[in-house]
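*Asks:*
Residue numbers (my numbering): 782 to 884.
Structure, rendered in C-alpha cells:
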C-alpha cells in the first residue's frame, strides 16, 4: 500500500475517492489517512478510527471514501454515488494493484 500513500501525498490539494473491497484494503487505507492527519467528517464515536471502523464494518468494508484535506474523509458505499460528484476514483483491486479511473 505504499503506492496508495504516495498517491494521496501527491494529491493533497485535490479531492478524489478511494474504493475498498475488503477489510484488509479498508484497514490499510484507514491507517494511511489517519496517520497523515485526515479527519473523518461524521463524529459518531470517540475517535475517527472508531467512527470509520463502525461504518466500514456495517458495509462489509466495501465502499468509497472521499479524500479531501480541507473537507475530511467521507464515506458512501455506492460507487455510482461518488461518480456523480467525482471523475477521479482510485480503486484498490483484489490483487493489491491500484486502478485509477478518470473517465
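Cβ atoms here follow ideal geometry from the backbone N, Cα and C, with glycine treated the same way.
As the structure is a prediction and not an experimental result, all values here were calculated from the model.
Could you say if the segment 785–801 and the segment 821–830 meet the contact criterion of at least three C-beta pairs nearer than 8 Å?
*Replies:* No, the segment 785–801 is not in contact with the segment 821–830.
*Asks:* For the segment 788–867, which segments carrying the beta strand (DSSP E) assignment without a break, of at least 3 residues, lie completely within its bounds, in sequence order?
*Replies:* With a minimum length of 3 residues, the continuous beta strand (DSSP E) runs that stay inside the segment 788–867 are 797–801, 844–848, 855–857.
*Asks:* Assuming residue 846 and residue 810 are in contact, meaning their beta carbons sit under 8 Å apart, how far apart are those beta carbons, in whole angstroms?
*Replies:* On the chain shown, position 65 is the one that residue 846 refers to. On the chain shown, position 29 is the one that residue 810 refers to. Right, their Cβ atoms sit about 6 Å apart.
*Asks:* Below 8 Å between beta carbons: does that hold for residue 833 and residue 821?
*Replies:* Here residue 833 is taken as the residue at index 52 of the chain shown, counted from 1. Here residue 821 is taken as the residue at index 40 of the chain shown, counted from 1. Yes, the Cβ-Cβ distance between residue 833 and residue 821 is below 8 Å.
*Asks:* Would you report the Cα separation of residue 852 and residue 866, rounded to the nearest angstrom?
*Replies:* Numbered from 1 along the chain shown, position 71 holds the residue referred to as residue 852. Numbered from 1 along the chain shown, position 85 holds the residue referred to as residue 866. Cα-Cα distance, rounded: 14 Å.
*Asks:* Among 837, 882, 814, which has the Cα closest to the Cα of residue 869?
*Replies:* Looking up residue 869 in the chain shown gives position 88. For the residues 837, 882, 814, the minimum Cα distance to residue 869 belongs to 882.
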